[in-house]
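Per the UniProt record's numbering, residue 1 is the first one in the sequence shown, and the count goes up by one each step.
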Amino acid sequence: MVGRSLALPVARERGAETGGAKQKEEEAAENTEHKEKRKNRARKTLNPSPPPSPNPPLAAAGDGDHRAAMATLLRRASLRRAIASAASAATASCPESYRQVICGSTFHCRDFASKAKKKSKSSGTDSGEENMSKKDLALHQAIDQITTSFGKGAIMWLGRSEGHREVPVVSTGSFSLDLALGIGGLPKGRVVEVYGPEASGKTTLALHVIAEAQKLSGGGYCAFVDAEHALDPTLAESIGVDTSNLLLSQPDSAEQALSLVDTLIRSGSVDVVVVDSVAALVPKTELDGEMGDAHVALQARLMSQALRKLSHSLSLSQTVLVFINQIRSKVQTFGGGFGGPQEVTSGGNALKFYASVRLNIRRIGMVKKGEEIIGSQVTVKIVKNKHAPPFRTAQFELEFGKGICRSSELFDLGVKHKFVKKTGGAYYSFNEQQFHGKDAVKAFLTKNESVAKELEMELRRLIQTEPPRKPEAEDDLLDDSPEEIVRPETSSEEDLAAIIGA
């Protein structure tokens, strides 16, 4: 009993202590809740709740409500696009101060416009790629890759290029030859070969080309590479060449001559370069050797290498490169046979391939004044022409020490095109006057420069505006008469030299 009485007060004391602890815990929890509420109120005061969204989510509805919601979205998208386009226009045309008024700040305005542009550009590209076939897309990708690797202009569409379709030309100084060439002269940026026998007028024709180039607007610069060391300055001046603006070089070797020609062409400032002649271009190996040393196809190999480089340089310039060439009698061999060409040109076959125009000039007669021979009658056959039909011929007179007889050319072409009318016998009517004989008309044109220039302008206008040749009649196309077979000017000997020189 005594033990129980002692235990009861102890239990009561422990129960009182336990109840006090619970009460303290409840008071602490209430204090914590009050503190949290105060913190939340302070947060709401400092950070007010955001305004409701301008585009609230759509509530689930039926079909009618869904269509109305979609229409609302479409209207909002179109409105955004309109705002984007207006912002881009404002940034492009308005000054800085107005941009800030319109868009708030320049940075946001530019950012907004750029995003709109990128979006429209990407959508346009996607639609374009969808419309293109796989073949077209692959081709465009290949063209872009070529342009990136090699630069703009490395590849282009021929019919869509902005370049001139008509080839610029330099007159030859002969009206009949300009007419026969079909384009009014020698093409710029191309190789021209003039070949023929001795004293046929090759150098004279080349000097006339230089004189005509110097008459072009701005005054053309020309160069004459005299490999034969035989140019007569007096003859050049009498023909009409301005020797003060003519570059002259007399090289020691073929390598030196062709190197300076390449340098002049690459400059892009020279209109005509004449090399006289291919046969006189002596390779350095041949110069350093003895007289009896054999050099098989050395010149042909050098010409083939040089023309590969010169053709690229010419394509980037507007220079006419004229090679004067000589002919050699061909020795008949087992491969040539009989009845083939009896003459060949010097320097191998490379020049024949690279030349756009090849002119075969020959003397066919003499021009006399009484008993005195004052000139020669010359014919030029266009053996090759890449710009007009070939195998046409032209004839004109060459006066000794003067060059192409201009008055004779005007008379012959005037008669051909009905500017000079033949009234009967040896009488001619021109410029409302009567003349007896060709020499009288020539003398009149020589004395009256204004009349000659007027006739020249009429003839040039006629040459430039001459309509193309009409196609052959159907009866001619169906003609069964045998055609004349002409053997080409090649042989196994020339092919062998070309192979060795390649």
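The beta-carbon is built from N, C-alpha and C at its ideal position, and this holds for glycine as well.
Where does the unbroken beta strand (DSSP E) through residue i begin, and where does it stop?
{"i": "Arg328", "result": "Ile327 to Ser329"}
{"i": "Leu247", "result": "Leu246 to Ser249"}
{"i": "Glu228", "result": "Unbroken run through Glu228: none, as it is neither H nor E."}
{"i": "Ser429", "result": "Tyr427 to Phe430"}
{"i": "Val192", "result": "Val191 to Tyr195"}
Output the distance between the C-alpha atoms of residue i and residue j, rounded to the nearest integer angstrom.
{"i": "Ser407", "j": "Ile239", "result": "14 Å"}
{"i": "Asp288", "j": "Val282", "result": "10 Å"}
{"i": "Ala154", "j": "Gln145", "result": "11 Å"}
{"i": "Ile382", "j": "Val322", "result": "14 Å"}
{"i": "Ile327", "j": "Arg266", "result": "30 Å"}
{"i": "Phe435", "j": "Ser244", "result": "40 Å"}
{"i": "Lys369", "j": "Ala306", "result": "46 Å"}
{"i": "Arg308", "j": "Phe419", "result": "46 Å"}
{"i": "Glu343", "j": "Ser329", "result": "5 Å"}
{"i": "Ala236", "j": "Ala142", "result": "53 Å"}
{"i": "Arg67", "j": "Leu73", "result": "10 Å"}
{"i": "Gly425", "j": "Val367", "result": "21 Å"}
{"i": "Lys447", "j": "Lys453", "result": "11 Å"}
{"i": "Glu33", "j": "Ala69", "result": "45 Å"}
{"i": "Glu36", "j": "Glu30", "result": "10 Å"}
{"i": "Val415", "j": "Val451", "result": "15 Å"}
{"i": "Leu258", "j": "Gln250", "result": "12 Å"}
{"i": "Leu177", "j": "Ser171", "result": "9 Å"}
{"i": "Leu398", "j": "Ser376", "result": "5 Å"}
{"i": "Arg75", "j": "Thr147", "result": "43 Å"}
{"i": "Glu212", "j": "Ala300", "result": "31 Å"}
{"i": "Lys352", "j": "Ile361", "result": "16 Å"}
{"i": "Val261", "j": "Met291", "result": "28 Å"}
{"i": "Ile373", "j": "Lys402", "result": "14 Å"}
{"i": "Glu371", "j": "Gly189", "result": "45 Å"}
{"i": "Val278", "j": "Ser346", "result": "7 Å"}
{"i": "Thr234", "j": "Glu432", "result": "38 Å"}
{"i": "Cys405", "j": "Gly182", "result": "21 Å"}
{"i": "Gly365", "j": "Val378", "result": "7 Å"}
Around the C-beta of residue i, are 16 or more other C-beta atoms found within 10 angstroms, so that it is buried, or is it exposed?
{"i": "Val331", "result": "exposed"}
{"i": "Pro195", "result": "Before going further, note that residue 195 is Tyr rather than Pro in the sequence given. Buried, because 16 or more other Cβ atoms sit within 10 Å of the Cβ of Tyr195."}
{"i": "Gly219", "result": "exposed"}
{"i": "Ser78", "result": "exposed"}
{"i": "Asn385", "result": "buried"}
{"i": "Ile324", "result": "buried"}
{"i": "Gly348", "result": "buried"}
{"i": "Phe396", "result": "buried"}
{"i": "Met132", "result": "exposed"}
{"i": "Phe150", "result": "exposed"}
{"i": "His208", "result": "buried"}
{"i": "Pro389", "result": "exposed"}
{"i": "Lys442", "result": "buried"}
{"i": "residue 504", "result": "Residue coverage of the chain in this structure runs from 1 to 502, which leaves residue 504 outside it and unanswerable."}
{"i": "Pro187", "result": "buried"}
{"i": "Val320", "result": "buried"}
{"i": "Leu158", "result": "exposed"}
{"i": "Tyr427", "result": "exposed"}
Just to confirm the assignment, what range does the alpha helix (DSSP H) spanning residue i have?
{"i": "Arg308", "result": "Leu298 to Ser315"}
{"i": "Ala257", "result": "Ala254 to Ser267"}
{"i": "Ser238", "result": "Pro233 to Ile239"}
{"i": "Glu286", "result": "Lys284 to Asp288"}
{"i": "Glu212", "result": "Lys202 to Gln214"}
{"i": "Thr243", "result": "Premise fails: Thr243 is in no alpha helix (DSSP H) and is neither H nor E."}
{"i": "Ala138", "result": "Lys134 to Phe150"}
{"i": "Asp178", "result": "Phe175 to Leu181"}
So what's residue i in DSSP terms, helix, strand or just coil?
{"i": "Phe436", "result": "Reading off the sequence, residue 436 comes out as His, not Phe. Reduced to three states, the DSSP call for His436 is strand."}
{"i": "Ile102", "result": "Residue placement at Ile102 is flagged as unreliable, the pLDDT there being 46, under the threshold of 50; the coordinate-derived value follows with that caveat. The answer is helix: DSSP assigns Ile102 an H, G or I state."}
{"i": "Lys421", "result": "strand"}
{"i": "Ala69", "result": "helix"}
{"i": "Ser450", "result": "helix"}
{"i": "Ser277", "result": "coil"}
{"i": "Val270", "result": "coil"}
{"i": "Ala82", "result": "helix"}
{"i": "Ala28", "result": "helix"}
{"i": "residue 547", "result": "Summary: the structure shown does not reach residue 547, with the chain confined to residues 1 through 502, and so no result is reported for it."}
{"i": "Ala199", "result": "coil"}
{"i": "Ala443", "result": "helix"}
{"i": "Leu158", "result": "coil"}
{"i": "Ala77", "result": "helix"}
Please check if any C-beta of chain B sits within less than 9 Å of the C-beta of residue i.
{"i": "Val320", "result": "Annotation note: the requested chain B is absent from the structure, which comprises a single protein chain."}
Next on the checklist: Threshold first: 4 residues or longer. Then list the alpha helix (DSSP H) segments lying entirely within the UniProt domain "RecA family profile 2" (335-409), N to C.
Outcome noted: 350-354
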